[in-house]
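Following: one structure in structure tokens, then a few remarks.
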Amino acid sequence: MEAQLNELKTQALDKIAAASNVKELNAVRVAYLGKKGPITDLLKGMGKLPAEERPKMGALVNVVREEVTARLEERMAILEEQAINEKLQSETIDITLPGRPVKSGNAHPLTRVIEEIEDLFISMGYEIEEGPEVEKDYYNFEALNLPKGHPARDMQDSFYISEDILLRTHTSPVQARTMEAKGGEPIKIICPGKVYRRDNDDATHSHQFTQIEGLVIGEDIRMSDLKGTLSVFAKKMFGEDREIRLRPSFFPFTEPSVEMDISCFKCGGEGCNVCKKTGWIEILGAGMVHPNVLEMAGYDSKRLTGFAFGMGPERIAMLKYGIEDIRHFYTNDVRFLSQFQRTEV
Amino acid sequence: MLVSIKWLKDYVNTQDLPPAELGEKITRAGIEVDAVIDRSDGLSNIVVGYVESCEKHPEADKLSICQVNVGEETTQIICGAPNIAAGQNVIVARPGARLPGGMKIKKAKLRGEESNGMICSLQELGIEGKLVPKAYAEGIYVLPENAEVGSDVITNFDLDDTVLELGLTPNRADAMSMLGVAYEVGAILEEEVKLPEITYTEAEDTASSMLTLNIDSPEANPLYVAKVVRGIEVKESPMWLQQRLMAAGVRPHNNVVDVTNYVLMEYGQPLHAFDYDLLETGNITVRHAKKDELITTLDGNERKLSLNNLVITNGEKPVALAGVMGGANSEVSKNTKTVVIESAYFESGSIRQTSKEHNLRSDASSRYEKGVDPNRVIPAAERAAQLLSELAGGEVLAGSVIFDKLQREEKVVHVSPDFINSRLGMKIRFDDMLDILNRLQFKTEAMNNQLMISVPTRRQDIQIEEDIVEEIARLYGYDEIPSTLPETATTPGGLSPYQQKRRIVRNYMEGAGLLQATTYSLTSEKSATQFAMKQTELTRLLMPMSEERSTLRQSILPHLLESVSYNTARRTDSVALYETGSVFLKGHDELLNEEEHLAAAITGLWLDNSWQGEKKAVDFFVLKGIVEGLAAKLDIELEFERGEMDGLHPGRTAFITLDGRRIGIIGQLHPNEQKARDLKTTIVMELNLAELFKEQTEPLVYTQVPRYPSITRDVALVLSKIVEAGTIEKLIRSAGGKLLKDVRVFDLYEGDNLEAGKKSVAFSLTYFDPEKTLTDEEVTAVHDKVVGALKESGAELRS
Ligand SMILES: [Zn+2]
Chain A
5 MEAQLNELKT
15 QALDKIAAAS
25 NVKELNAVRV
35 AYLGKKGPIT
45 DLLKGMGKLP
55 AEERPKMGAL
65 VNVVREEVTA
75 RLEERMAILE
85 EQAINEKLQS
95 ETIDITLPGR
105 PVKSGNAHPL
115 TRVIEEIEDL
125 FISMGYEIEE
135 GPEVEKDYYN
145 FEALNLPKGH
155 PARDMQDSFY
165 ISEDILLRTH
175 TSPVQARTME
185 AKGGEPIKII
195 CPGKVYRRDN
205 DDATHSHQFT
215 QIEGLVIGED
225 IRMSDLKGTL
235 SVFAKKMFGE
245 DREIRLRPSF
255 FPFTEPSVEM
265 DISCFKCGGE
275 GCNVCKKTGW
285 IEILGAGMVH
295 PNVLEMAGYD
305 SKRLTGFAFG
315 MGPERIAMLK
325 YGIEDIRHFY
335 TNDVRFLSQF
345 QRTEV
Chain B
6 MLVSIKWLKD
16 YVNTQDLPPA
26 ELGEKITRAG
36 IEVDAVIDRS
46 DGLSNIVVGY
56 VESCEKHPEA
66 DKLSICQVNV
76 GEETTQIICG
86 APNIAAGQNV
96 IVARPGARLP
106 GGMKIKKAKL
116 RGEESNGMIC
126 SLQELGIEGK
136 LVPKAYAEGI
146 YVLPENAEVG
156 SDVITNFDLD
166 DTVLELGLTP
176 NRADAMSMLG
186 VAYEVGAILE
196 EEVKLPEITY
206 TEAEDTASSM
216 LTLNIDSPEA
226 NPLYVAKVVR
236 GIEVKESPMW
246 LQQRLMAAGV
256 RPHNNVVDVT
266 NYVLMEYGQP
276 LHAFDYDLLE
286 TGNITVRHAK
296 KDELITTLDG
306 NERKLSLNNL
316 VITNGEKPVA
326 LAGVMGGANS
336 EVSKNTKTVV
346 IESAYFESGS
356 IRQTSKEHNL
366 RSDASSRYEK
376 GVDPNRVIPA
386 AERAAQLLSE
396 LAGGEVLAGS
406 VIFDKLQREE
416 KVVHVSPDFI
426 NSRLGMKIRF
436 DDMLDILNRL
446 QFKTEAMNNQ
456 LMISVPTRRQ
466 DIQIEEDIVE
476 EIARLYGYDE
486 IPSTLPETAT
496 TPGGLSPYQQ
506 KRRIVRNYME
516 GAGLLQATTY
526 SLTSEKSATQ
536 FAMKQTELTR
546 LLMPMSEERS
556 TLRQSILPHL
566 LESVSYNTAR
576 RTDSVALYET
586 GSVFLKGHDE
596 LLNEEEHLAA
606 AITGLWLDNS
616 WQGEKKAVDF
626 FVLKGIVEGL
636 AAKLDIELEF
646 ERGEMDGLHP
656 GRTAFITLDG
666 RRIGIIGQLH
676 PNEQKARDLK
686 TTIVMELNLA
696 ELFKEQTEPL
706 VYTQVPRYPS
716 ITRDVALVLS
726 KIVEAGTIEK
736 LIRSAGGKLL
746 KDVRVFDLYE
756 GDNLEAGKKS
766 VAFSLTYFDP
776 EKTLTDEEVT
786 AVHDKVVGAL
796 KESGAELRS
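The listed protein sequences derive, respectively, from chains A and B.
Going by the numbering used here, the letters in the first sequence line up with residues 5 to 349, in that order.
Going by the numbering used here, the letters in the second sequence line up with residues 6 to 804, in that order.
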């Protein structure tokens, strides 16, 4: 019987070793350890043995059974891992194939510039004011110290709809309206919007374009406040190491009037094609609000003073992004617009 | 204004600054120098040559073989100019010479004949064609007889000069003259200004013995001076005068006209010369024109005049359009022997009106429009008389014929140094202020901490205290102004709710996959109202630049679709654009009713992931989904109501309504419209943003996350095709009551297995009670009610 048992064990271990997959191994388990298997049969046959041999044989059968079971589990683990590996192998994908595209648009470059400027001034306590694009001659010109027949009206040939109504030539009428509405109270605003002038569209001119203007009115507002404010703007917008310089200029609604240049952000002032070899780039016009403009809106120009500035987002975008033709902003070529997808932070 | 530095030096010491440096100083002080033009740039080795002989080239009709004495030798040069002739002094570019544009002169053979250099026109020396005197415009330039053969043309004829191009702002009309610029440069460099010395010998006869003067419009013409110069010879001006005029951008004509232009450039005072004999009457009368009176101006145009136009007449007929342009009937010509020089002060408004009315601008009118210096009218007339006696051999009659009612005292401005410093945020010393005012040649008196400043009449832009602030600051230097920030109360700043919502819409549309476009507000009459939800009367410009940009848009879509077509024509087949902007509707006010709209247009593929077999073309429901998402974002309930609009597919168009008000449109383009725009299937929508933003959004309060499960039941119906899913959904919702939480279409079938004219729609109904777990019985009870209602309505249940 013992010999029979050993024979059985050898057979079982051989079959376990020979099993090449989980299924075969399970068959081996059923064949040798199952309820109808030879080991069970052996245990059943123990009754025929003399009583004193039974414990010994019983122990022997158990040892064999445990050994077969252990080897079987061992083999099972190996085969299972092998099976998983095969499955994974067969599931391999080409990870270089493109992902499922996520649809995403983006803001127009002018919006991008305008919002950046808006946010900058909002952080300095400004509010945003807007107004109509079709405007009264009074707000567009007269309230801004440009009476009918003023020579400076030549500078801004305009689209009139009737004698007294025109497409605004700048966003300054929003300032005039705000001053009138505030009834002599201090003001701190930014006015962005579309404006229109009688220009033929070409690489540097557009009959429709955008402007952003700012206006601050309060007690003892000085020209140095204008310079300081513009300096903060220039550094935030064009880089911390930007310097600014003011040059005298003329606008009917400010006195004194200045133009502001920033040190060239491309060459740092050495001279390049962006700054036309001067080291400086003209960015905006500004000045101290003309007393006539204050008085016309009902402000006491002896008590309250103010400054105003205005700039063109097109020009800023063209400088910032190196855009060579202003018409790109209004053609809406997807190959142009979609370039303004990414952040610059 | 073009300023020759050589000429400028007649009046002010420029301290021999390099031109670029001088230009920079002028710019920094307030007059922008747009360009610094070196007139001799690229020129070298150009000499005076004497043409000893000139013969036709045997092989070429248009060429001449010239023997030219160039000083050191006589050499052969082939010349193609029609006006070349023996005995002329000409400009010769010698072999090795350089001309503008980098051209280098070499010895050459032309049709077998040797040519040792080139005889030049003025254009070839870099002078603009329109400035070259007419006689030489089509050929070479002929130098005066006394030119020294072999001498350097560049230095002898003042081409070794630099011109500063000033970009003048309208306030600085004072710098529209060489003297004005001299005062400015003098103030900057702290140099004196030397005025021209005017001396000439007068005849015994007086001007008034030959000429009488009547001024009928003293308001428009408060000062008129006439000088009479007789016995003149009209001829070419000397080289120096021609060169100065060309440097200033003026074409030389003859000595008389050139003198008037020279003095115009020098003093900024327009002058006009009449042929005395052609005046016929010995009288000048200045009056307003009669209605429809005619004059032929010097440019050859006959002009019909109006009552607004001021004219110079000979007492009978107009001989000049005052301050704008002379008349052809009294023009100075070769035969002129006696001239009348007019120097006058015309009121700027009158000139502006005439100039505008006749669309005629001249050097004279542009100066009168901005206002000339009343104190230069008489000196300018004297200066012209002097130059005519010197350059035209004329005899100046004694005195002037003059009418003078012009006020010309200096404006006095009172300002305190404290005011100046407080406006600037600076601490400029009183002495420094006085110094600057002296440099400007403003007379000052100080009294009780007040400055009383007399402003010379040439600076009519200086009127108020702030103007003085600017003068002080610009010459003191803006670099000296410190940087401070306003010391006002801190304000919070921020966007209005409307502006915040606009940004939310923008971000939403971009997140949904659309690119922001910007199109023009002006469009053609034809497309102004296309796709407009509310069409109103057209708003046209009075003077459009083109029909394409003549009318204000009432919808954004036409231009947005143009942008879509622009892209598809360039092989970008899938385009998704949106725009926010104003449309312009006639209202009851004189101002227009400007509505801010949101528009979108999509075409091509919405999703393109083809290697995984996912491809979705745009359709109505893609864009509808975007609108629905937007409504959810803004917490408003939009409804879609079948509608029709020209240009849109009649079966695929809906009005978008909010609380019963139509606030938008969505639809697929009509096939004809698509064809006309060369587009494939395109879906568009436009919404009135202002309406969308009207309601203030409710504060957000969270609703408890459900603690009990919901139960879903499906129902499939066979319906007539004309029954809309929305109608059934409403029916289901009203029958479902409180427990019915959601209804969703999950299947639509229109096909073979169904009767013609029928469709199958399947709905998924979600039941939920926030208070407890619903039992099967409870759900069945409600669901049976829904099914009952559906059956009652005529829907056929599909099992
Ligand atoms: Zn640079």
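Just so you know, even glycine gets a beta-carbon here, dropped at the ideal spot from N, CA and C.
On a predicted model such as this, the values are computed, not experimentally measured, just so you know.
- In this structure Val-291 of chain B does not touch Leu-169 of chain B by the C-beta definition: roughly 36 angstroms separates them, more than the 8 angstroms allowed.
- Per the DSSP secondary-structure output, Phe-313 of chain A pairs in a beta bridge with A:Gly-218, A:Ala-290.
- In this model, Leu-68 of chain B and Met-123 of chain B are separated by some 12 angstroms (Cα to Cα).
- For Asp-484 of chain B, the residues of chain A that pass the 9 angstroms Cβ criterion are Arg-249, Leu-250, in the order they occur in the chain.
- Chain B places no beta carbon closer than 9 angstroms to that of His-209 of chain A, leaving this residue out of the contacts.
- Here the segment 9 to 17 of chain B does not lie against the segment 265 to 283 of chain A, with fewer than 3 beta-carbon pairs under 8 angstroms apart.
- Distances from the CA of Ser-311 of chain B to each of B:Phe-408, B:Pro-63, B:Leu-326 were compared; the closest alpha carbon is that of B:Leu-326.
- With respect to chain A, the C-beta atom of Thr-687 of chain B has no partner C-beta closer than 9 angstroms.
- Remark: the C-beta of Glu-450 of chain B is outside contact range of ligand 1, defined as less than 8 angstroms to any heavy atom.
- Remark: the C-beta of Cys-71 of chain B is outside contact range of ligand 1, defined as less than 8 angstroms to any heavy atom.
- The Cβ atoms of Thr-687 of chain B and Val-569 of chain B sit closer than 9 angstroms to each other.
- In the pairwise beta carbon analysis, the segment 75 to 85 of chain A is classified as not touching the segment 49 to 65 of chain A: fewer than three pairs are separated by under 8 angstroms.
- Think of a sphere of 7 angstroms around the beta carbon of Glu-71 of chain A: no beta carbon from chain B falls inside it, the nearest being about 53 angstroms out.
- Take the alpha-carbon of Tyr-503 of chain B and the one of Val-38 of chain B: they are about 45 angstroms apart.
- At least one beta carbon of chain B lies nearer than 9 angstroms to the beta carbon of Arg-339 of chain A.
- If you ignore the 5 residues before and after Glu-755 of chain B, its C-beta comes within less than 6 angstroms of the C-beta of Lys-764, all in its own chain and listed in chain order.
- Rounded to whole angstroms, the separation of the alpha carbons of Glu-133 of chain A and Trp-245 of chain B is 58 angstroms.
- For Val-72 of chain A, the closest of A:Thr-14, A:Arg-251, A:Asn-296 by C-alpha to C-alpha distance is A:Thr-14.
- Pro-676 of chain B has its alpha-carbon roughly 10 angstroms from the corresponding atom of Arg-682 of chain B.
- By the C-beta density criterion, Leu-341 of chain A is buried, having at least 16 other C-beta atoms within 10 angstroms.
- Residue burial annotation: Ser-253 of chain A is buried, with at least 16 other C-beta atoms found within 10 angstroms of its C-beta.
- Contacts with chain B at 9 angstroms (Cβ-Cβ) include Leu-114 of chain A.
- For Gly-232 of chain A, the enclosing alpha helix (DSSP H) starts and ends at 227 to 242.
- A straight line joining the alpha-carbon of Leu-736 of chain B with that of Ala-730 of chain B spans about 10 angstroms.
- Secondary structure of Pro-105 of chain A (DSSP, three-state): coil.
- Here the alpha carbon of Lys-295 of chain B sits roughly 46 angstroms from the alpha carbon of Ile-31 of chain B.
- Spatial neighbours of Glu-470 of chain B in its own chain (CB-CB distance under 7 angstroms, excluding positions within 5 residues in sequence) are listed in chain order as Val-418, Val-420, Phe-424.
- A distance criterion of 8 angstroms places the beta-carbon of Cys-279 of chain A in contact range of ligand 1, judged by its closest non-hydrogen atom.
- When rounded, the separation of the alpha-carbon atoms in Gly-54 of chain B and Val-239 of chain B is 26 angstroms.
- Here Asn-340 of chain B is exposed: its Cβ has fewer than 16 other Cβ atoms, across all protein chains shown, within 10 Å.
- Think of a sphere of 7 angstroms around the beta carbon of Thr-341 of chain B: no beta carbon from chain A falls inside it, the nearest being about 35 angstroms out.
- Residues of the segment 321 to 336 of chain A with a C-beta atom less than 8 angstroms from some C-beta of chain B are Phe-333, Tyr-334, Thr-335, Asn-336, listed in chain order.
- Contact between Leu-590 of chain B and Glu-601 of chain B does not hold, since their C-beta atoms are separated by about 12 angstroms, which reaches or exceeds 8 angstroms.
- For Ile-320 of chain A, the Cβ stays outside the 8 angstroms cut-off from all heavy atoms of ligand 1.
- Chain B places no beta carbon closer than 9 angstroms to that of Ala-290 of chain A, leaving this residue out of the contacts.
- The segment 443 to 463 of chain B and the segment 404 to 415 of chain B touch, with no fewer than 3 CB-CB distances between them shorter than 8 angstroms.
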